[in-house]
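Residue numbers (numbering that gives the first Met the number 0), protein chains in the order written: chain G, 0 to 457; chain P, 0 to 457.
We treat Cβ as the ideally placed atom computed from N, Cα and C, and that holds for glycine.
Structure first, then comments.
2 protein chains.
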Amino acid sequence: MPYFDAASSLPLHPVARQALAAALEDGWADPARPHREGRRARMLLDAARETAAEAVGCRPDELTFTTSGTRALHTGVAGALAGRRRAGRRLVVSAVEHSAVLHAAEAHREAGGEVTEIGVDRGGRVAPGDVAAALGDGAALVCVQSANHEVGTRQPVGEIAAACRAAGVPLLVDAAQSLAWGPVEDGWSLLAASAHKWGGPGGVGLLAVRKGVRFAPARPVDERESGRAPGFENIPAVVAAAASLRAVRQEADAEAARLSALVARIRARVPEVVPDTEVVGDPAHRLPHIVTFSCLYADGEALLHALDREGFAVSSGSSCTSSTLTPSHVLRAMGVLSEGNVRVSLPPGTAEEDVERFLAALPRAVASVRAALDVPPSPGTADPLLVDSLGKRCPIPVIELAKTLPRAPVGEVITVLSDDTAARLDIPAWCTMRGQEYLGASPNPDGPGTAYRVRRLS
Amino acid sequence: MPYFDAASSLPLHPVARQALAAALEDGWADPARPHREGRRARMLLDAARETAAEAVGCRPDELTFTTSGTRALHTGVAGALAGRRRAGRRLVVSAVEHSAVLHAAEAHREAGGEVTEIGVDRGGRVAPGDVAAALGDGAALVCVQSANHEVGTRQPVGEIAAACRAAGVPLLVDAAQSLAWGPVEDGWSLLAASAHKWGGPGGVGLLAVRKGVRFAPARPVDERESGRAPGFENIPAVVAAAASLRAVRQEADAEAARLSALVARIRARVPEVVPDTEVVGDPAHRLPHIVTFSCLYADGEALLHALDREGFAVSSGSSCTSSTLTPSHVLRAMGVLSEGNVRVSLPPGTAEEDVERFLAALPRAVASVRAALDVPPSPGTADPLLVDSLGKRCPIPVIELAKTLPRAPVGEVITVLSDDTAARLDIPAWCTMRGQEYLGASPNPDGPGTAYRVRRLS
């Protein structure tokens with residue numbers, strides 16, 4: 000049964016499995032001990048560091064193994080900010096960073112620091128000029144991912160790095176999604192990644208800090224990993240992580256070409272086989288294996304379950320799949336539809352037949368979810384210029400708008416009342432997709448929630 | 000070849016190896032995902048938590064998996080202090096805690112908090128009354144280990160817990176060394192442990208926080224492990240850790256009796272077969288598998304290497320084995336000899352013959368090290384009342400004192416000049432062992448270093 004959630008986590012690569020089994024024999028002792036067992040563990044750790052550093056494109060002594068990609072990002076952001084404290088306290092992050100970066104930014108803000116968020120275009124891409132414009136005024140660190148984890152959009156890291164270098168501000172690149180495919184463009188100051196994204200084991204992250212970058216790790220520290228990652232090193236896992244990174248890199252170019260073609264097929268075919276669907280993410284600057292689309296009038300969580308029943312494991316950024324009931328911050332920053340959102344991320348080796356089977360199953364799954372949501376007209380639909388969707392969750396407000404609009408005269412303005420967070424994103428996105436005019440939102444003058452205004456154009 | 004450094008790290012238990020292999024198949028996905036692979040991972044994680052909680056003696060929802068015992072301690076100390084911030088900012092720790100606790104205490108001090116250190120007796124044991132006396136005045140948290148990692152001394156955790164409970168101050172118990180042997184006496188508020196100490200994999204720690212204990216984890220956090228351990232869970236390792244904890248517990252009582260008898264044999268025999276040796280650590284309240292002794296006139300690092308050549312992996316708390324050139328803080332707090340220090344910690348299954356072989360090899364190893372250190376008389380020894388050991392490292396100052404003293408008249412006072420950190424510990428300890436009178440230390444009036452005064456009594 001096909002697993003299409005590679006961007007979340009991958010099963011262990013066969014090379015990682017072999018390396019892990021071997022390193023469990025020789026890598027369990029404390030590498031800080033001078034006895035035979037400790038020396039053997041140290042040798043394995045040193046070799047793994049050299050292998051990983053070569054793949055990253057840095058010196059072994061610039062590379063630290065952390066216990067996760069999240070921890071690498073938390074440590075990297077905090078350490079670089081602390082090291083640059085005298086230069087300033089402003090952290091610049093793109094709006095589509097991984098939550099680990101945004102959590103670190105939030106912690107910085109709570110500690111009295113300042114955070115500047117750089118927006119993205121509708122494809123999810125950061126403009127280097129926007130970063131450059133944010134670099135004065137005590138900017139201490141810039142964080143930009145090499146590629147987005149939800150929509151696959153690649154960022155112009157080289158240009159951003161050049162702007163940072165010109166301003167003398169270090170750049171931290173979250174390379175979690177891209178490192179398997181190749182090294183990050185040159186010019187970064189810090190780099191973070193996560194092994195289970197490339198078929199390494201869980202529990203291993205990488206943090207590279209270029210020589211010369213000021214860095215002051217948060218306390219408490221200990222003597223391990225240059226004081227940047229306290230706690231006993233998990234050497235068997237580190238060895239497996241490094242070995243599998245080298246292995247996936249050897250297959251990367253061929254597999255990228257193959258998966259990229261399969262993703263192109265999904266990008267082209269989904270709007271053909273499923274009506275009212277928007278493929279999101281930059282069509283050109285993208286990772287080979289990730290494709291994301293949103294389906295109007297569909298509940299993302301129900302869609303995940305329907306696809307799971309069809310045998311496909313995928314992910315979703317829809318609000319109904321999150322515990323906070325807010326849509327993915329990535330989709331929000333892009334200003335694209337969030338309802339019925341599906342992320343397909345293909346693991347290496349994905350068979351063409353499985354993609355075809357997915358494209359055959361998807362229309363059934365979406366249709367079943369849409370059929371289940373075929374809600375009766377709400378009381379508000381008696382008036383063709385007012386949709387009262389208060390108390391109803393995504394995708395109901397958009398469904399009710401779509402049902403009501405054809406009954407309004409062309410040129411008239413329809414008001415949608417909603418207290419669902421996703422409506423702020425999905426009503427404008429629906430208007431764009433359907434060629435209607437979105438006029439804006441304001442607090443509901445007669446009660447709770449927000450009033451969205453839409454002019455019927457056609 | 001016998002590995003006698005179990006207190007540092009153990010090879011993977013066979014049960015852990017089996018559990019790991021099985022969980023690598025089913026536990027690699029993100030347990031937060033609603034698809035089939037995610038649900039399987041979640042089930043493994045939940046089952047591991049139940050198993051570990053049963054061994055700890057807490058509810059599953061009180062238990063968090065961390066990425067190391069060190070991380071469990073750092074998180075536990077910081078979280079409990081932050082949760083009790085209104086009650087006070089004073090942290091009470093025993094002087095013999097693991098460095099992870101002392102590093103956390105140091106971080107607390109640097110952040111403006113207060114730290115009270117509780118001393119120990121010559122056996123390394125904390126007096127519950129000393130803890131009770133430190134509990135007024137804004138005490139926010141007490142940290143006491145269940146048993147010491149360097150000398151094996153067990154602490155009176157039950158009595159300390161009762162004192163803490165009476166004062167309304169939470170108690171964090173570092174159970175890293177003892178959890179394999181049985182649950183910690185009741186009454187603790189937080190408990191930390193480390194899987195590779197019981198034959199689980201590296202990369203897994205436990206942090207239990209009793210319901211009702213105020214706890215505010217340090218930022219940044221994420222949604223994993225109740226917000227107490229950010230980063231992707233390493234489920235295969237967690238499963239292996241829990242399975243091996245249950246397995247070692249089943250063998251614990253029988254193995255504890257067997258190893259304890261072997262340790263008793265080492266405790267009795269070492270002073271018989273190696274002259275001028277002190278066995279340290281409480282003889283009664285001790286872990287079954289750890290025994291530590293110090294050898295006068297021996298360099299700890301050289302001794303480790305000599306034993307390694309004889310095929311025995313052991314550890315040492317001597318200053319010459321540490322990068323800081325200071326003797327172990329544990330030996331210092333106990334006020335015992337630190338030179339020529341050797342910790343023997345027997346892994347489960349240690350054969351009696353290997354212990355006998357060790358007892359046969361030890362005298363050879365110590366003799367070879369002592370012979371190599373048979374330094375020529377220093378210039379200072381021309382005067383039988385002055386030993387000038389400035390610029391010389393442990394154990395030279397004590398060797399020179401021992402050579403000079405027989406030439407001084409009984410009743411006279413000998414002055415030893417030394418700038419070695421270990422001298423402050425080893426000169427008084429030598430006097431105690433040799434029945435000479437230690438009069439004290441003061442700055443050297445004529446130059447650098449310290450002047451130690453010793454009266455020859457016999």
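Which of the three DSSP states is assigned to G:T65 in this structure? strand
Would you please state the rounded distance, in angstroms, between the beta carbons of P:L303 and G:H34? I believe it to be under 8 Å. 7 Å
Under 9 Å between beta-carbons, which chain P residues line up against G:N233? List them in chain order, please. T66, S67, H195, P200, G201, G202, V203, N233, A236
So that I know if they touch, is there some Cβ in chain P lying closer than 7 Å to that of G:H12? no
Inter-residue CB distance, G:G123 and G:V150 (contact presumed, cutoff 8 Å): 5 Å
Where are the beta strand (DSSP E) runs, 3 residues long or more, that stay fully inside the stretch 135 to 163 of chain G, in chain order? 138 to 144
Identify, in the order they occur along the chain, each residue of the same chain with its Cβ nearer than 6 Å to the Cβ of P:L23, setting aside the five sequence neighbours on each side. P235
By the 8 Å beta-carbon criterion, what residues does the stretch 39 to 56 of chain G contribute toward chain P? none
Name the residues in the stretch 83 to 103 of chain G whose C-beta lies less than 8 Å from a C-beta of chain P; which are they? S98, A99, H102, A103
Mind checking P:L9: buried by the 16 CB within 10 Å criterion, or exposed? buried
Whose Cβ in chain G lies nearer than 8 Å to the Cβ of P:V220? H102
Just by C-beta distance, which residues in the stretch 299 to 312 of chain P are closer than 9 Å to chain G? E300, L303, H304, L306, D307, G310, F311, A312
May I ask which residues mark the beginning and end of the beta strand (DSSP E) holding P:S259? No beta strand (DSSP E) contains P:S259, which is instead part of the alpha helix (DSSP H) from 234 to 272.
Measuring alpha carbon to alpha carbon, tell me which residue in G:H284, G:P274, G:Q435 is nearest G:Y296. G:P274
Compare the C-alpha of G:G316 against each of G:N147, G:D445, G:L372 and name the closest. G:N147
How big is the Cα-Cα spacing for P:A126 and P:L134? 13 Å
Stretch-stretch touch, CB-based, cutoff 8 Å, three pairs: the stretch 91 to 109 of chain P with the stretch 216 to 235 of chain G: yes
When you compare the CB of P:S8 with every CB in chain G, is at least one pair closer than 7 Å? yes
Should P:Q249 go down as buried or exposed, given a rule of 16 or more other Cβ atoms within 10 Å for buried? exposed
Measure from the alpha carbon of P:C142 to the alpha carbon of each residue in P:G75, P:D25, P:R16, then state which is nearest. P:G75
Per-residue contacts from G:G181 into chain P (C-beta, under 7 Å): Within 7 Å Cβ-Cβ: nothing; G:G181 doesn't reach chain P, min ~23 Å.
Whose CA, out of G:V278, G:T115, G:S388, lies closest to the CA of G:A94? G:T115
How many Å lie between G:L11 and P:L19 at the Cα? 12 Å
When you compare only the Cα positions, how much space is there between P:I159 and P:V130? 7 Å
Could you tell me the distance, in whole angstroms, from the CA atom of G:R308 to the CA atom of G:V409? 42 Å
Does G:G230 have its Cβ less than 7 Å from a Cβ in chain P? yes
Give the range of the alpha helix (DSSP H) segment to which P:D29 is assigned. Neither: P:D29 is in no alpha helix (DSSP H) and is coded neither H nor E.
Look up P:D173 in the DSSP assignment and say whether it is helix, strand or coil. strand
Using a beta-carbon distance cut-off of less than 8 Å, what residues from the stretch 317 to 335 of chain G approach chain P? T320, S322
Distance CB(P:A166)-CB(P:K196) smaller than 7 Å: no
Given a threshold of 16 other Cβ atoms within 10 Å of its Cβ, counted over all protein chains shown, does G:T65 qualify as buried or as exposed? buried
Starting from the beta carbon of G:E224, find every residue of chain P whose beta carbon is closer than 7 Å, and list them in chain order. Result: empty, since nearest Cβ-Cβ is about 11 Å, beyond 7 Å.
Apart from the five residues just before and just after G:R268, which ones in its own chain have a Cβ nearer than 6 Å to its Cβ? L358
Checking contacts by CB at 7 Å: is P:P346 closer than that to chain B? This model lacks chain B altogether; the protein chains it does include are G and P.
Give me the residue from P:L384, P:E351, P:P394, P:V386 with the minimum Cα distance to P:S371. This sequence places Ala at residue 371 of chain P; Ser is not what is there. Cα-wise, what sits closest to P:A371 is P:P394.
By the DSSP assignment, the beta strand (DSSP E) with G:P442 in it spans what residues? 436 to 442
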